[in-house]
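> Before we start, here is the structure in question, set down as structure tokens.
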Amino acid sequence: ARSARHAQALADEIMQQVAAQKWDYFGVEGFQHGHWILVDCNDVIVHIFQQETRDLYNVEYLYAKAPEFPLSPETAKLMEANA
């Protein structure tokens, strides 16, 4: 996000879309400051960063080192059907 206000607007839109679809979301962290906003949508977690914060935490590097696990056949089939 380009600014705290931009990050907050993105998070607001995500929460509105989630509510419109009647999906559950468990909460939002970091909204007040807007440097790093986390929207917990149950099975999906959305991270919204300002560039400086993204650079500081280097999340891509952390995830690149994480172990990978294969999807179950059921999950793979669902993903394929929804593509």
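Residue numbering for the sequence shown follows the numbering used here, starting at -8 and increasing by one per position. Glycine is no exception: its CB is placed at the ideal position from the N, C-alpha and C atoms. These numbers were taken from a predicted model, which means no experiment stands behind them.
#1: Counting C-beta neighbours from all protein chains within 10 Å, is the total for A(-8) 16 or more, i.e. buried, or is it exposed?
#2: Which term fits Q(-1), buried or exposed, when burial requires 16 or more other beta carbons within 10 angstroms of its beta carbon?
#3: Are there 16 or more other CB atoms within 10 angstroms of the CB of V35, so buried, or fewer, so exposed?
#4: Taking one C-beta from the stretch -3 to 14 and one from the stretch 36 to 45 each time, how about it: are there three or more such pairs within less than 8 Å?
#5: By the DSSP assignment, the alpha helix (DSSP H) with D15 in it spans what residues?
#6: Return the residue from the list Y16, G25, N73 and V9 that minimises the CA-CA distance to R45.
By the coordinates alone:
#1: buried
#2: buried
#3: exposed
#4: yes
#5: Counting along the chain, D15 falls outside any alpha helix (DSSP H), and DSSP gives it neither H nor E.
#6: G25
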